[in-house]
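Structure first, then comments.
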Amino acid sequence: MPQDFCVHKCYSCSMFQVHVVKKSSNKWTCKICGEKQSVNKVFGQGSAKDCREHVQKLNLLKGKSAEPAEHETIEQDNKNIKRELHTLANDDCNHVSKAPTCSYAPLVKVSKWEYFLNSDSDIE
């Protein structure tokens, strides 16, 4: 008599997994996060090969559906950060210059050797 396998979904990590069907207990332990839990829903049942392929398909679909949502939240966060930086830069300019336009004066670059060169010319 061949062994029966079933597909479960962990409540903690939301991953689909294949487990051997036990007649004595409806408890199982997640192989990824180690959470012990009871069987709430069986997503598939059959041979090991069939269940394994089904789990791979379900986890792949779950990963693909979660991926665009992550990209959208990252893009939204980047837009929010850029908007905040822009408003902070405008606020800083308005507080400092009290002018309608924001302009920064270029920094004057002073040579590090100027001090030593001027003191040598005084000696001669």
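Just so you know, the sequence shown maps onto residues 1 to 124 in UniProt numbering. Heads up, the beta-carbon is just placed ideally off N, CA and C, and yes, glycines get one too.
Please state the DSSP three-state secondary structure of residue i.
i, result
"GLY63", "helix"
"GLN45", "strand"
"CYS23", "As written in the sequence, residue 23 is Lys, which differs from the Cys given in the question. Here LYS23 sits in coil by DSSP."
"VAL18", "strand"
"PRO51", "Note that residue 51 is Cys in the sequence shown here, rather than Pro. If DSSP states are grouped into helix, strand and coil, CYS51 belongs with the helices."
"LYS57", "helix"
"GLN76", "helix"
"LYS82", "helix"
"TYR11", "coil"
"VAL108", "coil"
Between the Cα of residue i and the Cα atoms of the options, which residue gives the shortest distance?
i, options, result
"SER47", "TRP113, GLN3 and LYS112", "GLN3"
"CYS30", "VAL55, GLN17, SER65 and GLU72", "GLN17"
"HIS54", "MET15, SER24, GLU67 and LYS79", "MET15"
"TYR11", "ASP50, PHE5, LYS22 and ASN40", "ASN40"
"TRP5", "PHE43, GLU35 and LYS36", "Sequence inspection shows Phe at residue 5; the Trp mentioned does not correspond to that position. Selected option, being the one with the closest Cα: PHE43."
"ASP50", "TRP113, ASN80 and VAL7", "VAL7"
"LYS9", "GLN56, LYS64 and LYS109", "GLN56"
"residue 127", "ALA66, LYS22 and SER65", "Absent from the model: residue 127. The displayed extent of the chain is 1 to 124, so no value can be given."
Is there a C-beta anywhere in chain D that falls below 8 Å from the one on residue i?
i, result
"PHE116", "Given the protein chain composition of this structure (a single chain), no chain D is represented."
By Cβ distance, which residues of its chain are closer than 6 Å to residue i, with the 5 residues on each side in sequence left out?
i, result
"SER38", "ASN26 and LYS27"
"LEU58", "PHE16"
Excluding the 5 residues flanking residue i on each side, which residues of the same chain have their C-beta closer than 7 Å to its C-beta?
i, result
"CYS13", "CYS30, ILE32 and CYS33"
"PHE116", "none"
"GLU114", "none"
I'd like to confirm the pairing. Which residues does DSSP put opposite residue i in its beta bridges?
i, result
"SER38", "LYS27"
"PHE5", "VAL20 and GLY46"
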